[in-house]
Each structure stands twice: as structure tokens, then as C-alpha cells.
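Please read the structure below before turning to the comments.
Structure, rendered in C-alpha cells:
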């Protein structure tokens with residue numbers, strides 16, 4: 001119930017293509033779903049996040065699609081660029097005892113070919 | 115300095131050594147976190163501090179000892195570690211533990227020989 005399953009483990013996309021990363025969760029109590037981007041040697045940086053009361057959120061080239069009934073959410077990177085090459089982590093979180101706790105996926109290593 | 119900083123960035127230690135990791139946040143946040151990031155495993159929450167009080171200990175072995183002297187600084191004291199403790203240790207902060215968004219530092223890459 002506490003797992004977040006992320007796929008694929010790795011992804012190679014041509015420049016200008018669409019990158020799609022999927023995550024699935026089980027616990028319906030989760031109410032905040034962020035995506036983090038991590039470059040080698042750096043910590044994860046918040047990219048975009050969504051709450052379950054909306055089905056889609058877009059920020060620039062990054063879009064989260066959220067399917068509450070299927071308990072799935074995905075990250076779409078439009079017009080993928082070589083600079084987007086990084087590891088992406090999804091997370092699901094909920095507040096328990098006054099503290100938000102994140103359950104992270106295992107990460108997707110994205111490589112965008114020039 | 116902005117955001118969340120961590121020192122040292124790399125650390126190699128023997129199993130009998132004692133060392134400390136330091137985290138500092140410059141965001142005016144009230145909550146700080148330690149995470150462990152191992153290869154091919156999800157990030158694991160270790161500790162949560164809110165206003166210098168520990169509010170979460172996620173079944174972490176006692177060879178890891180956190181300390182939060184004020185809301186801007188967080189330490190992780192290490193002693194008698196095992197090789198399987200080698201990982202990237204990440205510090206994060208949030209405005210309040212009850213608010214969702216967390217901001218991460220660059221991490222300390224720890225190698226235990």
C-alpha cells in the first residue's frame with residue numbers, strides 16, 4: 001500500500017520527441033504528487049506537482065496527467081531537449097501526524113539524443 | 115549561499131570512524147529532513163525535524179544520530195557504519211512539516227570502507 005511503482009527504468013528519446021514516465025500508487029490517502037528532476041552530482045529539484053482534485057497540470061514543456069480512478073499519474077516532457085537528460089522521480093505523499101511524508105518511485109533515467 | 119547546502123560533498127570513512135554530515139538551509143523553513151539515496155532504490159526518509167524537535171525516526175539504526183541545534187542547521191552524526199551504509203545522503207527542508215513541498219540539497223556521497 002505504501003509503494004509507488006515507476007516505469008520505465010530508463011528511456012531514450014530523440015530531440016524534439018515526447019518523453020513519458022508513468023507512476024502508479026495504491027494508497028488512496030495520498031494527496032500530493034510531485035515530480036523531481038535530478039542531475040548527476042546534484043540533489044533532486046522539484047519540477048512540477050499536482051493534487052488529486054485536478055486531472056492535468058502544465059508548466060512549460062512539462063505536464064502531469066493524473067488519473068485518480070486508476071491511481072496513476074504520468075509526466076510528459078514535450079519537445080524533449082538534451083538538457084532534459086536526467087533522472088526523474090515521482091513521489092506520492094500524505095500528511096500523517098502533522099508531517100508530509102513522501103514515498104518515492106525508483107526513478108527513470110532519461111537520455112535525450114541530440 | 116542560497117537554498118539548501120550540504121557539507122562535505124564527498125566523504126570516505128572506515129567502519130570505526132566517527133564523522134558528521136552538515137546541512138544548512140537558507141530558506142527560512144521550519145522543517146528539515148534526512149534521506150538516504152541508494153542505487154536502484156527509492157529515496158528513503160530517515161528523520162524529520164520540526165522547529166528543532168525530532169518528529170519522525172523511520173526505524174533508522176542507532177549508528178546514525180541526527181542533531182538539529184536550530185531551524186537552519188541539521189547534522190547527521192555517523193559512527194561504526196557498515197559498507198552497506200554507503201549512499202548519497204540528502205538533506206531537505208520545507209516551510210512547515212505539514213506543507214507538502216520539500217527542497218533538497220545536493221547531498222553528501224558517503225563511502226564506507
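Protein chains in written order, with the working numbering: chain A, 1 to 114; chain B, 115 to 227. Cβ coordinates follow ideal geometry from the N, Cα and C atoms, glycine included. All of these numbers come straight from a predicted model, not from anything done at the bench.
I want to verify the contact list: residues of chain B whose CB lies under 8 Å from the CB of residue 106 of chain A, in sequence order.
Numbered from 1 along the first chain, position 106 holds the residue referred to as residue 106 of chain A. What residue 106 of chain A touches in chain B: 154, 155, 156.
Hey, is residue 212 of chain B's beta-carbon within less than 8 Å of any beta-carbon in chain A?
The count along the second chain starts at 1 and reaches residue 212 of chain B at position 98. It does: the Cβ of residue 212 of chain B has a partner Cβ on chain A nearer than 8 Å.
Checking the sheet assignment: what are the DSSP bridge partners for residue 183 of chain B?
Position 69 of the second chain, counted from the first residue, corresponds to residue 183 of chain B. Beta-bridge pairing links residue 183 of chain B to no other residue.
Residues of chain A with CB under 7 Å from residue 170 of chain B, in chain order?
One-based indexing of the second chain puts residue 170 of chain B at position 56. Simply 99.
Tell me the DSSP secondary structure of residue 198 of chain B in three-state form.
Numbered from 1 along the second chain, position 84 holds the residue referred to as residue 198 of chain B. DSSP places residue 198 of chain B in the helix class (H, G or I) of the three-state scheme.
Closest by CA to residue 68 of chain A, which one among A:79, A:61, A:33, A:2?
Along the first chain, read from residue 1 onward, the residue named residue 68 of chain A stands at position 68. When each option's Cα is compared against that of residue 68 of chain A, the closest is A:33.
I'd like the list of long-range same chain contacts for residue 29 of chain A, defined as Cβ closer than 6 Å, with 5 residues on each side in sequence excluded.
One-based indexing of the first chain puts residue 29 of chain A at position 29. Annotation for residue 29 of chain A: 94 place their beta carbon closer than 6 Å to its own, counting only its chain and skipping 5 residues before and after.
Do residue 206 of chain B and residue 216 of chain B have their CB atoms nearer than 8 Å?
Numbered from its first residue, the second chain carries residue 206 of chain B at position 92. Numbered from its first residue, the second chain carries residue 216 of chain B at position 102. It is a contact, given that the beta carbons lie within the stated cut-off.
Listing by chain order, which chain B residues have their CB less than 8 Å from the CB of residue 44 of chain A?
Residue 44 of chain A sits at position 44 when you count from the first residue of the first chain. By Cβ distance, chain B contributes 157, 204, 218.
If you draw a straight line from the C-alpha of residue 77 of chain A to the C-alpha of residue 162 of chain B, how long is it?
Counted from its first residue, the first chain places residue 77 of chain A at position 77. Counted from its first residue, the second chain places residue 162 of chain B at position 48. Each residue's alpha carbon lies about 32 Å from the other.
Answer yes if the stretch 84–104 of chain A comes into contact with the stretch 32–48 of chain A, meaning at least three C-beta pairs across the two stretches below 8 Å, and no otherwise.
With a cut-off of 8 Å, the stretch 84–104 of chain A and the stretch 32–48 of chain A count as touching, because enough Cβ pairs lie within range.
Does any residue of chain A bring its CB to less than 8 Å from the CB of residue 194 of chain B?
On the second chain, residue 194 of chain B is found 80 positions in, with the first residue counted as 1. The beta-carbon of residue 194 of chain B is placed no less than 8 Å from the nearest beta-carbon of chain A.
Could you list the residues in the stretch 58–87 of chain A with a C-beta less than 9 Å from some C-beta on chain B, going in chain order?
Residues passing the 9 Å Cβ filter: none.
Quick one: grab the DSSP three-state call for residue 34 of chain A.
To locate residue 34 of chain A, count along the first chain from 1; it is residue 34. Here residue 34 of chain A sits in strand by DSSP.
8 Å is my cut-off, CB to CB: does residue 226 of chain B come that close to chain A?
Against the second chain, residue 226 of chain B aligns to sequence position 112. So no, residue 226 of chain B is outside the interface.
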